[in-house]
Amino acid sequence: MPNFTPELINFELNQNTGEISITNRTQLLRQDGVTPLTGLPNIQAGARGTAYTDEVGIDLNGNILKDDPLGADLEGIVVAENGDYWMVDEYRPAII
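As structure tokens, then:
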């Protein structure tokens with residue numbers, strides 16, 4: 004999905020009914036505080052034997068999309084004691 008932007012979603016589970024309620028949504032932004040992150044691949048193998056390769060991004064018509072150097076395929080998250088979120092990218096040692 005070329006327009007996908009990752010976000011943090013907080014929710015609560017009502018244990019009596021099984022209903023989930025979203026309590027907060029936080030869009031993830033670049034360092035400028037304005038531009039949303041994308042979920043597009045961020046690097047391809049190549050120069051100097053890069054060790055990791057992302058998928059090739061395509062749209063719903065199969066057209067190849069440009070990589071986004073700051074694209075985020077976030078696979079893990081930890082909440083620090085001070086409430087900060089630490090997230091890791093799937094393809095390389097990267098902490099956001």
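First residue of the sequence shown: 4, per the numbering used here; consecutive thereafter.
Note that the Cβ used here is the ideal one computed from N, Cα and C, for glycine as well.
Find the nearest neighbour of residue i within the set the options, judged by alpha-carbon distance.
{"i": "I23", "options": "Q30, I61, E15", "result": "E15"}
{"i": "T38", "options": "E78, D71, D76", "result": "D71"}
{"i": "E78", "options": "G86, R28, M90, N19", "result": "M90"}
{"i": "N45", "options": "L32, G36, L63, L68", "result": "L68"}
{"i": "D92", "options": "V81, N85, G86", "result": "V81"}
{"i": "N13", "options": "Q30, D35, P5", "result": "Q30"}
Within 10 Å of its beta-carbon, does residue i have 16 or more other beta-carbons around it, so buried, or fewer, so exposed?
{"i": "G21", "result": "exposed"}
{"i": "G60", "result": "buried"}
{"i": "A75", "result": "buried"}
Sort out for me which residues DSSP pairs residue i with in a bridge.
{"i": "F14", "result": "I25"}
{"i": "P39", "result": "L32"}
{"i": "D81", "result": "Asp is not the amino acid found at residue 81; the sequence shown has Val there. In DSSP, V81 forms a bridge with W89."}
Taking Cβ positions only, does residue i come closer than 9 Å to chain B?
{"i": "P96", "result": "Looking at the structure shown, chain B is missing, and only one protein chain is on hand."}
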